[in-house]
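No gaps in the numbering here: position 62 of the sequence shown is 61 in numbering that gives the first Met the number 0, and each next residue is one more. Positions of the beta carbon are idealized from the N, C-alpha and C atoms, including for glycine. Keep in mind the model is a prediction, meaning the values are calculated, not measured.
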Amino acid sequence: MRVLFVCLGNICRSPTAEAVFRHKANLAGLDVFIDSAGTGGWHRGELPDSRARETGEARGYSFAGQTARPIEAEDFEDFDLILAMDQKNHEELLNRSPKHSQQKVRLFLSYGDTSIREVPDPYYGGPQGFEKVLDLIENASDGLIKTLY
Ligand code: 4NP
């Protein structure tokens, strides 16, 4: 199973999802390949945002080895699940996906057990935004793991 998390910049939300889901999948003993990407390429090659890293590391997640990259055409072939952090990125992914891969493209929070469907972009906000991102991502990661057993 290969899972790709996607947000806009690939420096805040999707790197956090990658770190959280890798940790939880390891604990669950699942054999999954996990990566993340952005629909935008402005931050290519950058480390995850320091605020995202600090908030995530404080909860025990590792961002080791992560650098930002934009999504590429091959990703729609290589991954089994392509999970968007919000509606806008979901629509962008569906627009870019070949027809045969569109069923792989989902809203990540559809795996959560709350009524919230989007991970809000924390980039221009304060530290509580990064805590909220983690809460939502932890919740949806637990739900996704249940579907992969
Ligand atoms: P992300 O957050 O999509 O969660 O990585 C953002 C990072 C950068 C920008 C927007 C959102 N930006 O406009 O540069």
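Inset, instruction - Label Asp-0 either buried or exposed according to how many other C-beta atoms from any shown protein chain fall within 10 Å of its C-beta, with 16 as the threshold for buried. - result: For clarity, residue 0 is Met in the given sequence; the question names Asp instead. Residue environment analysis places Met-0 among the exposed positions, since fewer than 16 neighbouring C-beta atoms fall within 10 angstroms of its C-beta.
Legend entry - Distance between Ile-10 and Tyr-110 (C-alpha atoms, nearest Å): When rounded, the distance between both Cα atoms is 22 Å.
Legend entry - Distance, Phe-107 Cα to Val-118 Cα: In a straight line, the C-alpha of Val-118 is about 9 Å away from that of Phe-107.
Inset, instruction - Starting from Ile-155, follow its DSSP beta bridges and name the residues at the other end. - result: The chain is shown from 0 up to 148; residue 155 falls before or after that span and cannot be answered.
Inset, instruction - Could you tell me the distance, in whole angstroms, from the CA atom of Tyr-148 to the CA atom of Ala-27? - result: Spanning the alpha carbons of Tyr-148 and Ala-27 requires a straight line of approximately 9 Å.
Legend entry - For Asp-134, three-class secondary structure by DSSP: Secondary structure at Asp-134: helix, using DSSP grouped into helix, strand and coil.
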